[in-house]
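Reviewing the structure listed below.
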Amino acid sequence: RQASYLSMIENGKREPRLSLIRALATALEVSPSQLLSAEAPDHRAQLEIELERAQRHRLYREMDLPHLKPSARVPDDVLEHLVRLFDELKSRARVRAATPEEARKGNAALRREMRERGNFFPEIEAAANEALTAIGYSGGQALSQRVLAELARHFGFSLHVVQEMPASVRSVTDLRHHRIYIPQRDEMESRNARSVVLQTLGHFALGHEDPRDFGQFLRQRVEANYFAGAVLVPERTAVPMLQAAKKARDLSIQDLEEVFNVSYEMAAHRFTNLATRQLGIPVHFTRSDEEGVIWKAYENDGVPFPEDPDGAIEGQRLCREWGTRQVFRSADKFALHYQYTDTSAGTYWCV
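With the working numbering as the guide, the letters of the sequence shown map in order to residues 22 to 372.
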């Protein structure tokens, strides 16, 4: 057979007969099954195949780029870059498809406002302080279950712990009888239950109405969470403690966690509320999984989070050298992980 005919078979433009496959296998001293195998013979061939598949993909065609045929002069690392870039394009497209555009834009807009305000909302701080003052809570110790019940009564509700509740439900509010039901689960610690109840009460303390759209729904969720943090870690108690620690150069998120008996994540959130306005410290906060996919994030210190075209960062992937990912590789799982992180915008201290 002529070389051009074999080339058309290789490129999938001609369907070979079984007799030809046997003849080629004999000439090349291989088995017919090796010629029919879908596995690429080497890494270079695999890259060329993946690049060809990428160029046939809808996302690639939508970019209206000319077809690229890699010659032997194109280095392997160039093909690696092209294939990896397209894989990332597909990954980001999946994230965008899974997250409605309205949600991404709403998250981005709210994060911009939080950045401009230093993540400090004085009106919510005032509402939390007013509620604590109304029940005579001094704020000198962690919020107890008794104080939580008094706070619920202040807003006209009673708390009820029940055993039979769907696993996905954290609380149920009966507006007719003014009852808040929380599940009795072994894995639901008392401090988590406090946070759930306070988030529910936060909607009433802040006068939230039924949200008109997703943006308002998101804002109300953030404000209710903020209210819960401001009650559990009161500004009037936490600020003097943090100011003294700053003066002694001994700031620690763990101190907030232990003194107020809250989760480390809640303590970190609360620190971002108070750090810039009360301590003059710009900060960033990140929560991601082991692969670096961002779940939550905030910054007003210029740290360069990855963003999509709408400015949303949820679902984006962090560099593997970031502390948020390095902590999963820490040898001591029970100790704090801390490091300096070098970025295009500068070097940041991360805990």
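The C-beta atom is built at its ideal place from N, Cα and C for all residues, glycine as well.
Apply the 10 Å Cβ neighbour rule to Trp343 and answer buried if 16 or more other Cβ atoms are within range, or exposed otherwise. The sequence position of residue 343 within the sequence shown is 322, counting from 1. Answer is buried; the Cβ neighbour count reaches 16.
From Ile203 to Leu180, what distance separates their C-alpha atoms? For the purposes of this step, residue 203 is taken as residue 182 along the sequence shown, with counting starting at 1. For the purposes of this step, residue 180 is taken as residue 159 along the sequence shown, with counting starting at 1. Between Ile203 and Leu180, the C-alpha separation is close to 8 Å.
My assumption, with CB atoms under 8 Å, is that Ala148 sits in contact with Gly332. Please give the rounded CB distance. As a first step, residue 148 is located in the sequence shown; it is residue number 127 there, counting from the start. As a first step, residue 332 is located in the sequence shown; it is residue number 311 there, counting from the start. Their Cβ separation, rounded to whole angstroms, is 29 Å, which puts Ala148 and Gly332 out of contact at 8 Å.
Whole-angstrom C-beta distance between Gly160 and Arg257, which should lie under 8 Å: As a working note, residue 257 is residue 236 in the sequence shown. As a working note, residue 160 is residue 139 in the sequence shown. So it is a contact: roughly 6 Å between Cβ atoms.
Own chain, CB closer than 7 Å to Phe225, minus 5 neighbours either side, in chain order: For the purposes of this step, residue 225 is taken as residue 204 along the sequence shown, with counting starting at 1. Excluding sequence neighbours, Phe225 sits near Phe176.
Limits of the unbroken alpha helix (DSSP H) element including Leu172: Residue 172 sits at position 151 when you count from the first residue of the sequence shown. Counting along the chain, the alpha helix (DSSP H) containing Leu172 begins and ends at Gln166 to His175.
Identify every run of the alpha helix (DSSP H) within the region 238-313, keeping only runs that are complete inside it and at least 4 residues long; order them along the chain. 256-268, 274-281 and 285-300
Where do the ends of the alpha helix (DSSP H) carrying Gly344 lie? Here the question's residue 344 lines up with position 323 in the sequence shown. Taken as a continuous stretch (DSSP letters only), the alpha helix (DSSP H) holding Gly344 covers Gly344 to Gln347.
According to DSSP, simplified to helix, strand and coil, what is Gln67? As a first step, residue 67 must be located in the sequence shown, where it is residue number 46. Residue state, collapsed to three classes: helix.
Alpha-carbon to alpha-carbon, Ala245 and Met209: As a position in the sequence shown, residue 209 is number 188, starting the count at 1. As a position in the sequence shown, residue 245 is number 224, starting the count at 1. Because the pLDDT of Met209 is 48, which lies under 50, any placement of that residue in the model is unreliable, and the question is left without a value.
Which of the three DSSP states, helix, strand or coil, is assigned to Gly236? Position 215 of the sequence shown, counted from the start, is the residue given in the question as residue 236. Of the three classes helix, strand and coil, the one that applies to Gly236 here is helix, per DSSP.
So, with DSSP's three-state summary, where would you put Ser25? Against the sequence shown, residue 25 aligns to sequence position 4. Ser25 falls in the helix class under three-state DSSP.
Looking at the structure shown, is Glu144 part of a helix, part of a strand, or coil, going by DSSP? The residue you call residue 144 lines up with position 123 of the sequence shown. In this structure, Glu144 counts as helix in the three-state DSSP scheme.
For Ala59 and Leu45, the rounded distance between their alpha carbons: The sequence position of residue 45 within the sequence shown is 24, counting from 1. The sequence position of residue 59 within the sequence shown is 38, counting from 1. C-alpha separation (whole angstroms): 17 Å.
Quick check: the Cα distance between Arg132 and Tyr319, rounded to an integer number of angstroms? Numbered from 1 along the sequence shown, position 111 holds the residue referred to as residue 132. Numbered from 1 along the sequence shown, position 298 holds the residue referred to as residue 319. Roughly 7 Å between the two C-alpha positions.
Check whether the region 99-116 touches the region 248-266, counting contact only when three or more Cβ pairs, one atom from each stretch, lie closer than 8 Å. no
Candidates Ser351, Phe238, Ile156 and Ala356, of which the one nearest Ile274 by Cα: Taking the first residue of the sequence shown as position 1, residue 274 is located at position 253. Nearest of Ser351, Phe238, Ile156 and Ala356 to Ile274, Cα basis: Ala356.
Rounded straight-line distance, which links the Cα of Leu72 to that of Asp98: As a working mapping, residue 98 is identified with position 77 in the sequence shown. As a working mapping, residue 72 is identified with position 51 in the sequence shown. Using only the alpha carbons, I get a separation of about 13 Å.
Can you tell me which residues form a DSSP beta bridge with Gly367? Here the question's residue 367 lines up with position 346 in the sequence shown. Paired residue(s): Thr364.
Helix, strand or coil: how does DSSP classify Ala356 here? Indexing the sequence shown from 1 puts residue 356 at position 335. It is coil, neither helix nor strand.
Among Arg113, Val51, Arg270 and Val218, whose alpha-carbon lies nearest the alpha-carbon of Glu171? For the purposes of this step, residue 171 is taken as residue 150 along the sequence shown, with counting starting at 1. Closest option to Glu171, Cα to Cα, is Val218.
With DSSP as the reference, label Ala130 as helix, strand or coil. Start at 1 with the first residue of the sequence shown, and residue 130 comes out as number 109. Ala130: helix per DSSP, three-state reduction.
Contact between the region 323-338 and the region 360-367 (3+ Cβ pairs under 8 Å): yes
Using a Cβ-Cβ cutoff of less than 8 Å, which residues in the same chain neighbour Tyr26 once the five nearest sequence positions on both sides are dropped? By one-based count along the sequence shown, residue 26 stands at place 5. So the list reads Arg35, once near-sequence residues are dropped.
DSSP on Val218, reduced to helix/strand/coil? As a first step, residue 218 must be located in the sequence shown, where it is residue number 197. Three-state DSSP puts Val218 in a helix.
For Met209, three-class secondary structure by DSSP: Indexing the sequence shown from 1 puts residue 209 at position 188. At Met209 the pLDDT is 48, less than 50, meaning the model places this residue with poor confidence; the figure from the coordinates comes in the next sentence. Met209: coil per DSSP, three-state reduction.
Tell me Val183's beta-bridge partners as DSSP assigns them. Counting from one through the sequence shown, the residue named residue 183 turns up at place 162. Beta-bridge pairing links Val183 to Pro204.
To the nearest angstrom, how far is the alpha carbon of Leu153 from that of Val252? Here residue 153 refers to the residue found at position 132 of the sequence shown. Here residue 252 refers to the residue found at position 231 of the sequence shown. Spanning the two alpha carbons is a distance of roughly 7 Å.
Kindly list the residues whose CB is nearer than 6 Å to the CB of Val163, restricted to its own chain and excluding five residues on each side of it in sequence; keep chain order. Taking the first residue of the sequence shown as position 1, residue 163 is located at position 142. The amino acid occupying residue 163 in the given sequence is Ala; Val does not appear at that position. Answer for Ala163: Phe281 and Asn282, listed in chain order.
Looking only at its chain, what residues have a beta carbon closer than 6 Å to the beta carbon of Arg43, apart from the 5 residues adjacent to it on each side? As a position in the sequence shown, residue 43 is number 22, starting the count at 1. Same-chain partners within the cutoff: Pro53.
Taking the CB atoms as reference points, tell me whether Gln205 and Val183 lie closer together than 8 Å. Within the sequence shown, the letter at position 184 stands for residue 205. Within the sequence shown, the letter at position 162 stands for residue 183. The answer is yes: Cβ separation under 8 Å.
Report yes if the C-beta distance between Phe248 and Leu272 is below 8 Å; otherwise report no. For the purposes of this step, residue 248 is identified with residue 227 of the sequence shown, where counting begins at 1. For the purposes of this step, residue 272 is identified with residue 251 of the sequence shown, where counting begins at 1. Against a cut-off of 8 Å, the Cβ pair of Leu272 and Phe248 comes out as no contact.
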